[in-house]
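Encoded as structure tokens, the structure appears first; notes follow it.
In this note's numbering, the protein residues as written are 1049 to 1377.
As structure tokens, then:
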């Protein structure tokens, strides 16, 4: 069946997977955002004491209307099951299961949910700007993630459940979740995300493992990495190989910070996931990526790996770090 590719004129328009049948039996994680005109849907409150986070997602009346529309969705689509959901202040996540193949596209299901929520809001608040100007509570479009492998469904559910905690951490430590403007390194432009002050750290070591290194060279590098980790320094690398990832993970476990060179740019509304989110909230992560974001995933070519490793080597030097800081100032 043909699938229409959506335009990127708005960040909430996402390309659908051209290889996937969106009328088939499948699990999805769906995300869509509130419109600029809509009030917030909830308030995140809580406390952070010694890295222990206590968080509450308090739905306001609008959030409650959206929550009820989510719960009512299976009444309109009996083949759909709501597995998990979270109504956040400015967006909505839900994990749903399409139990059987029908002729109903996933897009129709999401549109129904959004229109039901908006209709309920207009009925409850007829004098609101949304009602008077016939607007929607939500931006156009939605993002879908398809469950494709074992364990991914549980990962999506955990992500949805963890959203309020992540939101609280991001709001409390917003300075570590900032994207700096474009900077030029050589003849290429890059974007920076995270704690750029890691460039000022006195101990920065480039992590690179190569079969071309002699035993003596590898021993020297390992000692440098170990000393950087021992002193809570910064490891700089694209962390491509398994060996490099092991060094990274060991460093993170023992308190080191990370500057990671990324092969692709940052998409709209980007924020790190998993362990990198935790590092970001602690001010222990800086990501450096190409200025442009490529929506098509490409295999990592050797020349790109060499360029990323060269950039890591440059940033690990005092000259390289100071050069970047001067451009960010």
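Beta carbons are placed, not taken as given, at the ideal position from N, Cα and C, and that holds for glycine.
Quick caveat: nothing in here was measured; it's all calculated off a predicted structure.
Taking the beta strand (DSSP E) that residue i falls in, what are its first and last residues?
i: residue 1192; result: 1191-1194
i: residue 1336; result: 1333-1338
i: residue 1242; result: 1236-1242
i: residue 1309; result: 1305-1309
i: residue 1107; result: 1100-1107
Return the first residue and the last residue of the alpha helix (DSSP H) that residue i is part of.
i: residue 1321; result: That residue, residue 1321, is in no alpha helix (DSSP H); it is neither H nor E in DSSP.
i: residue 1091; result: Counting along the chain, residue 1091 falls outside any alpha helix (DSSP H), though it belongs to the beta strand (DSSP E) covering 1090-1097.
i: residue 1071; result: From DSSP, residue 1071 is part of no alpha helix (DSSP H); its letter is neither H nor E.
i: residue 1351; result: 1350-1364
i: residue 1295; result: 1290-1301
i: residue 1212; result: 1200-1220
i: residue 1180; result: 1177-1180
i: residue 1269; result: 1263-1278
Check the C-beta distance from residue i over to residue j and give it rounded, since I have them as a contact under 8 Å.
i: residue 1184; j: residue 1083; result: 6 Å
i: residue 1139; j: residue 1226; result: Not quite, the Cβ-Cβ distance comes to about 19 Å (not below 8 Å), so this is no contact.
i: residue 1164; j: residue 1117; result: 4 Å
i: residue 1360; j: residue 1284; result: 5 Å
i: residue 1273; j: residue 1253; result: 6 Å
i: residue 1194; j: residue 1076; result: 6 Å
i: residue 1135; j: residue 1115; result: 5 Å
i: residue 1300; j: residue 1323; result: 7 Å
i: residue 1309; j: residue 1246; result: Wrong, their Cβ atoms sit about 13 Å apart, outside the cutoff.
i: residue 1201; j: residue 1094; result: About 27 Å; that fails the 8 Å criterion.
i: residue 1143; j: residue 1205; result: 6 Å
i: residue 1128; j: residue 1096; result: Their Cβ separation, rounded to whole angstroms, is 37 Å, which puts residue 1128 and residue 1096 out of contact at 8 Å.
i: residue 1100; j: residue 1208; result: Incorrect: roughly 21 Å between the Cβ atoms, too far for contact.
To which residues of the same chain is residue i closer than 6 Å at the C-beta, ignoring the five residues directly before and after it?
i: residue 1243; result: 1224, 1331, 1334
i: residue 1218; result: 1225
i: residue 1298; result: none
i: residue 1237; result: 1230, 1339
Sorted by chain position, which residues of the same chain lie with C-beta nearer than 8 Å to residue i's C-beta, five sequence neighbours on each side aside?
i: residue 1108; result: 1087, 1088, 1089, 1090, 1091
i: residue 1119; result: 1130
i: residue 1289; result: 1257
i: residue 1249; result: 1281, 1282, 1305
i: residue 1348; result: 1288, 1311
Quick one: what's residue i bridged to in DSSP?
i: residue 1253; result: 1283
i: residue 1231; result: 1238
i: residue 1076; result: 1144, 1194
i: residue 1186; result: 1082
So, at 7 Å on beta carbons, what are the nonlocal neighbours of residue i in its own chain, with the 5 sequence-adjacent residues on each side left out?
i: residue 1357; result: 1256, 1286
i: residue 1179; result: 1170, 1173
i: residue 1161; result: 1117, 1118, 1121
i: residue 1314; result: 1227, 1239, 1241, 1337, 1341
i: residue 1294; result: none
i: residue 1081; result: 1060, 1138, 1139, 1186, 1187
i: residue 1071; result: 1149, 1150, 1151, 1152, 1153
i: residue 1312; result: 1337, 1338, 1341, 1342
i: residue 1106; result: 1090, 1091, 1093
i: residue 1085; result: 1177, 1178, 1183
i: residue 1220; result: 1096
i: residue 1328; result: 1224, 1225, 1242, 1320
i: residue 1352; result: 1311
i: residue 1110; result: 1087, 1089, 1169
Could you check whether the Cβ of residue i sits closer than 8 Å to any Cβ belonging to chain D?
i: residue 1210; result: Checking the listed chains, one finds no chain D in this structure; it contains a single protein chain.
(message) For a minimum of 3 consecutive residues, which ranges assigned as the beta strand (DSSP E) are wholly contained in the segment 1128-1172?
(response) 1128-1135, 1139-1146
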